[in-house]
Structure formats: C-alpha cells, structure tokens
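A.B. asks:
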Amino acid sequence: MDRIGIIGVGEIGRAIVDGLCDGVDQPPKIYLSPRGARTAAELSQRYPNVHVCADNRDVVHRSELVILAVRPQDRVEALAGLRVSSDRVVVSVLTGVAISELRRTLDTDAIVVRAIPLPSARERRSVTVTCPSHPAVDDLFGSLGGTLTVADEATLNVFQVLTATLTAHYRYLATLTDWAARQGIPAEGADRYIRGLFQGVGRALGDDTRSLQQLASDHETPGGLNERLRTTWFDPANAEALAKVLDSLLSDLK
Ligand SMILES: NC(=O)c1ccc[n+]([C@@H]2O[C@H](COP(=O)([O-])OP(=O)(O)OC[C@H]3O[C@@H](n4cnc5c(N)ncnc54)[C@H](OP(=O)(O)O)[C@@H]3O)[C@@H](O)[C@H]2O)c1
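Quick note: the sequence shown uses this note's numbering, first residue 282, plus one each step.
1) For V393, does the count of other Cβ atoms within 10 angstroms reach 16, so buried, or fall short, so exposed?
2) Would you call H415 buried or exposed, if buried means 16 or more other Cβ atoms sit within 10 Å of its Cβ?
3) For ligand 1, any of its heavy atoms closer than 7 Å to the Cβ of G291?
4) Just to check, is the beta-carbon of S314 closer than 7 Å to a non-hydrogen atom of ligand 1?
5) What do you get for P517, buried or exposed, if any count of 16 or more other CB atoms within 10 angstroms of its CB means buried?
6) Rounded to a whole number of angstroms, what is the C-alpha to C-alpha distance between A417 and H450?
7) Buried or exposed: which applies to V374, given that a residue is buried once 16 or more other Cβ atoms fall within 10 Å of its Cβ?
8) Please report the distance separating the alpha-carbon of W514 from that of A524.
9) Pick out whichever of S407, G487 and A461 has its Cα sitting closest to the Cα of T444.
10) Taking I474 as the reference, which of V357, L486, W460 and G505 has the closest Cα?
11) How long is the line joining the alpha carbons of G481 and D488, rounded to whole angstroms?
12) Evaluate the contact criterion for the stretch 364 to 382 versus the stretch 319 to 333: three or more CB pairs, one atom per stretch, below 8 Å.
13) For the alpha helix (DSSP H) that contains P478, what are its first and last residues?
14) For S498, is the classification buried or exposed, using 16 other Cβ atoms within 10 angstroms of its Cβ as the cut-off for buried?
15) Evaluate contact between the stretch 325 to 342 and the stretch 298 to 305, counting only Cβ atoms and requiring at least three cross-stretch pairs below 8 Å.
16) How is H450 classed by DSSP in three states: helix, strand or coil?
17) Per DSSP, A396 is paired with what?
18) Assuming S367 and T386 make a contact with CB atoms under 8 Å, what is their CB distance in whole Å?
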C-alpha cells in the first residue's frame, strides 16, 4: 500500500517512519497526526514523502492503511469521531486493546490487525508479531525487519508479555556496572566493559544454528564462575518468581 497514515507520532510512530523512509529509494507517502508536533515536524522536514495532517480525520481520509500508535489511555480521545470505511486497513500497536474494542470504537467493519513493532523498526530490524495475517501488513512489517504472524490475540498477548522484559534487562546491566563501580572501577570503564560484554551476547544471538540452551552451555566452564552465578542466583526459585510475574502480566492482558 502506498499511502500510510500514523495516528500518534511518538517513539514507535517515529521508528516506523524512519524505517520506511531512511535511505529508501521509493518510500510510501506517509500522513502523520499533528499531536507530538515536534517529532511530526522534524520527520516531515527530513523526508519529502512525509506530511503532517490537520487532524486525525484527515489522516484516515488520506491513507489506505492507518497505524494507530497512541498510548492506550489516549485511545478514546484519539479515535473519537473517526469514521473508517471498510476499504481501509487499520493496524493497531496499542498494548492490550482488543480488535473487537477498536472495531466498536471506530464503528467500522474494516480489517483491523494488531501488531507489536519494536523500536528497532528504525533500523529495519524489528521482528513484528501480527494478528491476524494480512498481506499488506505482512509486507509493511516485512520491510521493517520481518513479520511473525500468530493465529489469535491470546497468542499475541504472550509475545506482548515478552516485550515487557526489556527494561529489566537494561536495569540488570546497569546494576552490574553499579556493582563494579562500588568495587572501585571508574564508572566509565565499567560501562564500556559491560556494553562490550553484552554486545558479544547480541552477536552470538544472531547465530540461530545454536539453541539458547546451547549458547548458555557453550559460554560456561563446568565448575566455573558463570555456572556458579547461574545456579546460585538464577536458581529455580528465581526462575519461578519470574514466571509468576509473566503469568500475572498475561492475565492482566486477558
Ligand atoms: N515504545 C515501544 O517500544 C512500543 C512497542 C510496542 C508497542 N507500543 C505501543 O505503541 C503505542 C505508542 O507507544 P510510544 O512508546 O510510541 O508512546 P509515546 O512515545 O508516548 O507516543 C504516543 C504519541 O501519541 C500522541 N498522542 C496522544 N494523544 C493523541 C491524540 N489524541 N491524537 C494523536 N496523537 C496523540 C502523543 O502526543 P503528545 O506527546 O502530544 O502527547 C505522542 O506523540 C502504545 O500504545 C504502546 O503500547 C510501544
């Protein structure tokens, strides 16, 4: 589809625009909602194919495929009074908002697809979970790193919970550098070292010929320091506590 609208131009809306436009020969025409004015203005100045619309209705009017990317709590205000005709395709990236609710709010029988794009869509490296499958949506996210289509919204929610583990991971890394600093390592050196260490993990994850279990054991000397930390800190009780929080997030999404 050649005319794409985005309602809600924040972190994820911007990542999608960058991914679709940056260095791309023939990018689609993109119509942005006016809220998040600074980001929208910046994007329209950077890319000649990007236009800021007068209001959200105008975005819907001009676009074949409309991406909803406001915060879930802003959806009522953002979608109020919009009429979406049945020939449009709506893609919602709103966390935890069901397709049936969006259809009711938009009073439409247009196709509504839910998606979970990641900020790495900016570098066209987001594997985006979508539900249900739709060729135009699969193409769109295919061009931003890949599409993983799932059969139903219950399955999509499981992936949504997985995305919630990201900031705890960054905080884990920050906790390691804080600990090193407390041992007298200059903060800058600790930070540089931890980044390097875990960039190596990122590269190793690119090797999909090895399972995650295999990668773990390949990095572990029997009886060594890694094994000791894993078995004493990330022990069954810790793993169970993590699973319990994941269960609880999933049950809230239902
Ligand atoms: N960030 C992620 O990694 C990620 C990943 C997957 C899914 N999501 C989902 O994506 C959605 C957006 O997340 P985000 O992180 O991009 O949020 P964000 O950075 O806060 O951006 C939301 C944008 O929506 C704008 N907005 C608010 N009310 C609006 C309205 N009535 N009409 C049009 N635009 C309006 C906001 O403008 P103002 O700044 O003027 O308020 C802001 O620019 C959320 O539903 C989230 O669950 C996010």
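We put the beta carbon where it would ideally sit given N, CA and C, even for glycine.
C.D. replies: Checking against the coordinates, here is how it stands:
1) Indexing the sequence shown from 1 puts residue 393 at position 112. With 16 or more other Cβ atoms within 10 Å, it is buried.
2) Here residue 415 refers to the residue found at position 134 when the sequence shown is read from its first residue. Counting Cβ neighbours within 10 Å, H415 comes out buried, since at least 16 surround it.
3) Here residue 291 is taken as the residue at index 10 of the sequence shown, counted from 1. Yes; taking the cut-off as 7 Å, the Cβ of G291 has a heavy atom of ligand 1 nearer than that.
4) For the purposes of this step, residue 314 is taken as the residue at position 33 of the sequence shown. For ligand 1, at least one heavy atom lies less than 7 Å from the Cβ of S314.
5) Taking the sequence shown and counting its residues from 1, the one referred to as residue 517 is at position 236. So P517 counts as exposed.
6) Translated into positions along the sequence shown, residue 417 becomes position 136. Translated into positions along the sequence shown, residue 450 becomes position 169. Rounded to whole angstroms, A417 to H450 spans 33 Å at the Cα level.
7) Your numbering for residue 374 matches position 93 in the sequence shown. It counts as buried.
8) As a first step, residue 514 must be located in the sequence shown, where it is residue number 233. As a first step, residue 524 must be located in the sequence shown, where it is residue number 243. Going from the Cα of W514 to the Cα of A524 covers about 15 Å.
9) For the purposes of this step, residue 444 is identified with residue 163 of the sequence shown, where counting begins at 1. Minimum Cα distance to T444 is reached at S407.
10) Within the sequence shown, numbered from 1, the residue matching residue 474 stands at position 193. Here residue 474 is Tyr; the residue named in the question, Ile, does not match the sequence. Answer by Cα proximity: W460.
11) The count along the sequence shown starts at 1 and reaches residue 481 at position 200. The count along the sequence shown starts at 1 and reaches residue 488 at position 207. The alpha-carbon atoms of G481 and D488 are separated by roughly 11 Å.
12) no
13) Along the sequence shown, read from residue 1 onward, the residue named residue 478 stands at position 197. Note that residue 478 is Leu in the sequence shown here, rather than Pro. Here the alpha helix (DSSP H) through L478 covers A468 to L486.
14) Here residue 498 refers to the residue found at position 217 of the sequence shown. That one is exposed.
15) yes
16) Along the sequence shown, one-based indexing puts residue 450 at 169. Correct three-state label for H450: helix.
17) The residue you call residue 396 lines up with position 115 of the sequence shown. Paired residues: T411.
18) One-based indexing of the sequence shown puts residue 367 at position 86. One-based indexing of the sequence shown puts residue 386 at position 105. In fact, because the Cβ distance is near 16 Å, the residues do not count as touching under 8 Å.
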